[in-house]
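**Student:**
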Amino acid sequence: MNVMFVSLGCDKNLVDSERMIGMMSRAGYTLTNVEQEADVIVVNTCSFIGDAKEESVNTILEMAEYRREGRCKALIVTGCMAQRYREEIMQEIPEVDAVIGTSSYDEIVKTADTVLGGQRVQSFLDLNRLPALNQKRVVTTGGHYAHLKIAEGCDKHCTYCIIPKLRGSYRSVPMESLIAEATQLAQDGVKELILVAQETTLYGVDLYGKKSLHELLHKLCEIKGIRWIRVQYCYPEEIYEELIETIRDEKKICKYLDLPIQHASDRILKRMGRRTSRADLEEIISRLRKEIPEIALRTTLITGFPGETQEDHEELMAFVDETEFDRLGVFTYSQEEDTPAAEMPDQIPEEIKKERQAELMELQQEVSLDKNDRMVGKTVLAMVEGYLSDENVYVARTQADAPGVDGYLFINTGETLVSGDFVKVKITGALEYDLIGEIENECTE
Ligand code: F3S
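Take the position in the sequence shown, starting the count at 1, then add 559; the result is the number in the numbering used here.
(1) Is L725 a contact residue of the ligand F3S, with contact defined as CB to any heavy atom under 7 Å?
(2) Cβ-heavy atom distance between I722 and the ligand F3S below 7 Å?
(3) Rounded to whole angstroms, what is the Cα-Cα separation between P723 and D885?
(4) Less than 8 Å between the beta carbons of M649 and Q681, yes or no?
(5) Does the ligand ADP have a heavy atom nearer than 7 Å to the CB of C793?
(6) For I998 and D714, I'd like the C-alpha separation in whole angstroms.
(7) Could you tell me how far apart the beta carbons of R626 and E654 are, in whole angstroms, since I believe they sit closer than 8 Å?
(8) Use the C-beta contact count for D817: other C-beta atoms within 10 angstroms, 16 or more gives buried, fewer gives exposed.
(9) Are I851 and K912 touching if we call contact CB-CB under 8 Å?
(10) Sorted by chain position, which residues of the same chain lie with C-beta nearer than 8 Å to V674's C-beta, five sequence neighbours on each side aside?
(11) Which residue comes first and which comes last in the beta strand (DSSP E) that contains F890?
(12) State the DSSP-derived secondary structure class of F878, mapped to helix, strand or coil.
(13) Please report the Cβ distance between L772 and L802, rounded to the nearest whole angstrom; I am assuming they are in contact, meaning their Cβ atoms lie under 8 Å.
(14) Contact between the stretch 976–989 and the stretch 914–926: three or more CB pairs below 8 Å?
(15) Alpha carbon to alpha carbon, how far is A955 from G963?
(16) Using 8 Å for Cβ pairs, my map puts Q744 next to A823. What's the rounded Cβ distance?
(17) Residue range of the alpha helix (DSSP H) that L928 falls in?
(18) On a CA-only basis, which of E991, L779, L620, N971 is nearest E651? Give me that one, please.
(19) In its own chain, which residues sit with a C-beta less than 6 Å from the C-beta of T1003, not counting the 5 before and 5 after it?
(20) Output the boundary residues of the beta strand (DSSP E) element that contains E536.
(21) According to DSSP, is Y967 helix, strand or coil?
(22) Would you give the residue range spanned by the alpha helix (DSSP H) that A641 belongs to?
(23) So is N951 buried or exposed if we call it buried at 16+ other beta carbons inside 10 Å?
(24) Between F607 and the ligand F3S, is there a pair consisting of the residue's CB and a ligand heavy atom that are separated by less than 7 Å?
(25) Taking the beta strand (DSSP E) that G988 belongs to, which residues open and close that run?
(26) Helix, strand or coil: how does DSSP classify K750 here?
(27) In chain order, what residues of the same chain have a beta carbon less than 7 Å from the beta carbon of D765, not counting five sequence neighbours either side?
(28) Which of the three DSSP states, helix, strand or coil, is assigned to M903?
(29) So the alpha helix (DSSP H) I600 belongs to, where does it begin and stop?
(30) Which complete beta strand (DSSP E) runs does the stretch 811–885 hold, if anything under 3 residues is left out?
(31) May I have the straight-line CA-CA distance separating P733 from V935, to the nearest angstrom?
(32) Per DSSP, which residues does Q681 bridge with? Please list them.
(33) If distances are taken between C-alpha atoms only, which option among L707, T699, E646 comes closest to E735?
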């Protein structure tokens, strides 16, 4: 029996897909990328904002055609959209044979078998359980890097966000289980671990009674074969001293932090239910930069939150201009039913949200180009990601770039490199978001 997976949404969801692929493979299913050859198709969906929901629905509808007319005998929808709209999906898309909730993905094999036996299934165990953890994953990111999901769920309840309703409350994964998983990944050839969760900084509070991310990081640094460890999704107000010291002192930890701030106007931050003021953000950012001068800071912002005035937007522009984030993503606010912000007055027209988003991105483009220009002439350590045969260049990343969201370093060389190689590269040119360089020497340290 062949199974095909389509994984949508964020890297946390991707980890769930990789676990499900592992379970299906062990149960004897063969993985395929060809719809026409699949007996079972699984769509792991996202339901975060309007665009993500649209993509999920379109993908389900596209796969429904193979269920109707092709070889496929089981169409299974998992992930956040299944969690949120299980009844609607089952009723309105009759080709869908099963829906599985976000905390129940370890039911995938049982569900596929039941569907192939002729039944429709809805599998929704307690939203606050952790699915079985001792399951080997099939990493789909090329083998040289992998995400390590250190916690599930979120207790922050920002007023715009639906995720706590889709993923339950915050549950850390026990440290020994993460060490075992990371050791296995290293043995399989993974060199970079990317720690993810809805929020990583609170890791351990529920299990060990205190913030324990720094302890986990120290232990992960001991794993042979792992060269880089990157921490994503840190709530600014939860950054703590031992964590800063650990990032500063441990050689394997990328001097990089993803700090989603969402806005900088106190009025909007308050309406968003965020626990930081502009002054807090300034203080945290300057502390991080003082203690780890080479740190690259990434953030994400939302434009057009209900009630955002032109003045709020200008304040955010000024903040971005002054702070000079190394990496920045901007989303437009999406009005999500069942969230407090959706009920707020003064919803902003789509056009204005987009204009504000474009203005911020334009500003960041200048900041980014300036920063990249300053890199020219420097030598950096980079990990090879792949090769662009059309352009005859290798694509690599530095410590300052996370895969998928940040920039790349393009290397011109006659040498043969493979994904996961580490090289020292002299920067010879700068683009708005990417760099160009030449190899100084291969690096084995
Ligand atoms: Fe989407 Fe669920 Fe991730 S809503 S962004 S797939 S946690």
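The beta carbon of each residue, even a glycine, is placed where N, CA and C say it ideally should be.
**Tutor:** The relevant details are as follows:
(1) yes
(2) yes
(3) 29 Å
(4) yes
(5) Ligands displayed in this structure: the ligand F3S; the ligand ADP is not among them.
(6) 46 Å
(7) 4 Å
(8) buried
(9) no
(10) V599, K632, A633, I635, D656, A657, V680
(11) 886–891
(12) helix
(13) 6 Å
(14) no
(15) 12 Å
(16) Residue identity check: residue 744 is Leu in the sequence provided, not Gln. L744 to A823, Cβ: 37 Å. No contact.
(17) 909–934
(18) L620
(19) A caution first: T1003 carries a pLDDT of 49, below 50, which makes its placement in the model unreliable, though a value can still be read off. Excluding positions up to five away in sequence, the list is empty.
(20) Past the edges of the chain, shown from 560 to 1004, lies residue 536, and the structure says nothing about it.
(21) coil
(22) 639–643
(23) exposed
(24) yes
(25) 981–989
(26) coil
(27) Y729, R730, S731
(28) coil
(29) That residue, I600, is in no alpha helix (DSSP H); its beta strand (DSSP E) goes 599–604.
(30) 812–817, 855–862
(31) 43 Å
(32) V658
(33) L707
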